[in-house]
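Colleague:
In this note's numbering, the protein residues as written are 13 to 776.
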């Protein structure tokens, strides 16, 4: 097995899941980590203590505190997600209802600590508590709080994520126009943070920027898709590549192909994970310095590849959940040295006020798994050269070392703020990487051929730039990474490609692993389905009826259409329309999907009904309420509309500050004598909680959600349902399945027309 294959196996198998993995609920081991389980594992490792005592990464006099903190279970932490107006309502609900109920509460003789905000996280949107998952799940006193956390997590409004893993996205300083690459993204908590930052302004449904989230593990990519979908963004694409050789992409700019360089790159690399000992208990038993020695080369290759694809003036965050300088400062120092001034460490000491951290170190030694120390490369015997590399040692030149400012790195120690261990370095790109500058000019077919290869740009373990002739980036002497790559015209029109179809890369170019993905097919502008729409709509089938239609931002459409032969796309786009077979009889073959309603709403200009808060409560607690149950204002707007999809909009009343102060948009169906909403259960519960209602249960037969307001009056429902059936009220078939997870595209005859909501003007 070659070196790259071994590294890939390490990346997929040996890597303890990154700092937030277990916070995502990743199985039995994750649960045990939160509970402080594994009683058979003794939390002792003499080699670990010997190693870190010698390196002196812990301040003098704090060693016992450091070790005591590592032996304590990790506090549970949660982060409020979503758009800002909704986030503020969730925060208000948490602070004024659920957190107050925890005051003076004892569980199993232990006083429950009321959750406290993380001092360094902006706007009190992240909190921590001493409650473990075991206590939350099994304590009757905490049942309501636990149900709230589960439901809001599934709806995408709360993420249970380790505190330190929230730091890298904050230090990226993302703006809505940034193009972002998340190199090792699964399971996706940091990715969701990045998506939130893109959508910081709720009034802009299509920010100019996007996130491309990559992971080498095909199965973990689907976990990443699940996490990203909770935020319902048209600006996220999930791809499946080895991060150390992730292909360089192109975009069409004014009819010319230009290389895609990213404004922000998150490089959260695979690591030995000794900073996760508090939740990943088996690290105590398995820890050895060999893990770090084996991962160092892979980490450096990934960081180098990231630096190559970073735009000049862009920012890259390198992070690990390891305290080991071989994985931390050694990687950064080697990358800075080989960049020859193209990269520099940013001083971010004032960017997260309240965060306690230790500066990076400038001197360290390397230890083998059997305890043998080496202070520099010259002392390493030849027999150890395959295990220990020169890039693992600090520089000997004191002037060069000082100029690197390694003290600007951040090392988070567990005992300082009751967290896990973590390392972060923020790099800024000042100019092109030196081997890109020296590259000869490539144009035409030659440029495209070079641009589609997937060779590693350098062998970082040797600490020297790669041969420029083997690099994949088609750069130009004197202009470096920013040169335009001119692709030949015949590439886009070859026999294996149809217009608007982005299939998997040809099998001859590289072997594909994992599931074979369906193609991404953009609907052409002359398609009879939605003729009035200027679209970025796509589906996942080239033939037959389309079951769902998805929408992406124009920037991601550009990426998809110009790179289908370079990358393996797992998922992109947000679902905006679902097939509604019962509507074909009156030319309304599709209905709106709640998943994409906030993206689509600004472009809809008809069939919008403004509803009151009382109407929203009725629509969300009853499956198919008749017109007479709604306000006269709502009825007057609905009575003259034809059957079909509608949009229901609640606008907050600023004169009544006690009412819900964030807008709500629901997609629904105007029936013969009633209105139905198509909203997933967890999203229904979310809105009801935000309106101050307590959900008591559900009567599935009648499709009614019982709350503290309507429970007393539910006795009349059966009679009303029967009356509605006598009146001939019809339900839209497929309604119950409409908002369930996609099962792929069906192969049935095409559709001829959409309903009049399709007359909305959508962005190109």
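For each residue, glycine too, the CB sits at the ideal point set by N, CA and C.
Below 8 Å, how does it come out for the stretch 70-86 and the stretch 303-317: are there three or more Cβ pairs, yes or no?
Modeller: Not touching, per the Cβ criterion.
Colleague: Here's a check: name, in chain order, each residue in its chain whose Cβ is nearer than 8 Å to the Cβ of residue 113, leaving out the five neighbours to either side.
Modeller: 156 and 157
Colleague: Tell me whether the beta-carbon of residue 154 lies closer than 8 Å to the beta-carbon of residue 186.
Modeller: Residue 154 places its beta carbon 8 Å or farther from that of residue 186.
Colleague: Residue 131: which of 428, 289 and 672 sits nearest, CA to CA?
Modeller: 428
Colleague: Report all residues from its chain with a CB closer than 7 Å to the CB of residue 424; omit the five preceding and five following residues, and keep chain order.
Modeller: 176, 369, 431, 433 and 434
Colleague: Could you check what DSSP says for residue 296 in three-state terms: helix, strand or coil?
Modeller: helix
Colleague: By DSSP's criteria, residue 280 is part of a beta bridge. Which residues make up the other side?
Modeller: 331
Colleague: Under 7 Å Cβ to Cβ from residue 728, same chain only, skipping five residues before and after it: list those, please.
Modeller: Its pLDDT being 48, under 50, residue 728 is placed unreliably by the model, and the measurement read from it follows with that caveat. By the criterion of a C-beta distance shorter than 7 Å, residue 728 is surrounded by no residue of its chain, once the five residues flanking it on both sides are discounted.
Colleague: What distance in whole Å lies between the Cβ atoms of residue 568 and residue 222, which are believed to be in contact at a cut-off of 8 Å?
Modeller: 5 Å
Colleague: Output the distance between the C-alpha atoms of residue 245 and residue 585, rounded to the nearest integer angstrom.
Modeller: 7 Å
Colleague: Under 8 Å between the Cβ atoms of residue 196 and residue 281?
Modeller: Yes, Cβ-Cβ distance for residue 196 and residue 281 is below 8 Å.
Colleague: Closer than 6 Å by C-beta to residue 129: which residues in its own chain qualify, once you throw out the five before and the five after it? Chain order, please.
Modeller: Residues 136 and 139 of the same chain have their beta carbon placed closer than 6 Å to that of residue 129, with the five preceding and five following residues left out of the count.
Colleague: If I measure Cβ to Cβ from residue 235 and keep anything under 6 Å in the same chain, skipping five residues before and after, which residues do I get?
Modeller: 198 and 199
Colleague: Rounded to whole angstroms, what is the Cα-Cα separation between residue 337 and residue 557?
Modeller: Distance between the alpha carbons of residue 337 and residue 557: 56 Å.
Colleague: Could you please give the first and the last residue of the uninterrupted beta strand (DSSP E) stretch that includes residue 140?
Modeller: 138-141
Colleague: Run through DSSP, which three-state label would residue 356 get?
Modeller: Strand, per DSSP.
Colleague: Out of 400, 376 and 321, state which residue places its alpha-carbon closest to the alpha-carbon of residue 335.
Modeller: Selected option, being the one with the closest Cα: 376.
Colleague: Taking the alpha-carbon positions, what's the residue 394 to residue 265 distance?
Modeller: Approximately 52 Å between the Cα atoms of the pair.
Colleague: Can you tell me where the beta strand (DSSP E) with residue 89 in it begins and where it stops?
Modeller: Boundaries of the beta strand (DSSP E) harbouring residue 89: 88-92, taken from the DSSP string.
Colleague: With three or more C-beta pairs closer than 8 Å as the rule, is the stretch 598-608 touching the stretch 283-295?
Modeller: no
Colleague: According to DSSP, residue 226 sits in a beta bridge with which residue or residues?
Modeller: 251
Colleague: What did DSSP end up calling residue 179 once you bin it into helix, strand or coil?
Modeller: For residue 179, the secondary structure class from DSSP, reduced to helix, strand or coil, is helix.
Colleague: What residue from 173, 339, 191 and 232 has the CA that sits closest to residue 201's CA?
Modeller: The shortest C-alpha separation from residue 201 is found at 173.
Colleague: Mind checking whether residue 188 and residue 208 have CB atoms under 8 Å apart?
Modeller: no
Colleague: Tell me residue 370's beta-bridge partners as DSSP assigns them.
Modeller: 423
Colleague: Assign residue 385 to one of two classes, buried (16 or more other C-beta atoms within 10 Å of its C-beta) or exposed (fewer than that).
Modeller: exposed
Colleague: Just to check my reading of the structure: residue 441 and residue 325 have Cβ atoms closer than 8 Å, yes? What is that Cβ distance to the nearest angstrom?
Modeller: Indeed, because the Cβ distance is near 7 Å, the residues count as touching under 8 Å.
Colleague: Do residue 632 and residue 696 come within 8 Å of each other at the CB atom, strictly closer than that value?
Modeller: Cβ atoms of residue 696 and residue 632: closer than 8 Å.
Colleague: In three-state terms, what does DSSP make of residue 619?
Modeller: coil
Colleague: Per DSSP, residue 561 forms a beta bridge with which residues?
Modeller: 589
Colleague: Judging by CA-CA distance, which residue of 169, 214, 232 and 702 is the nearest neighbour of residue 204?
Modeller: 169
Colleague: To the nearest angstrom, how far is the alpha carbon of residue 691 from that of residue 213?
Modeller: 24 Å
Colleague: Using the C-alpha atoms, what's the distance from residue 590 back to residue 371?
Modeller: For residue 371 and residue 590, the gap between their C-alpha atoms comes out near 53 Å.
Colleague: Taking residue 657 as part of the beta strand (DSSP E), name the residues at either end of that continuous run.
Modeller: 656-662
Colleague: Can you tell which of 250, 110, 217 and 305 has the C-alpha that lies nearest to the C-alpha of residue 232?
Modeller: 250
Colleague: Looking only at DSSP bridge pairs, what is residue 118 linked to?
Modeller: 123
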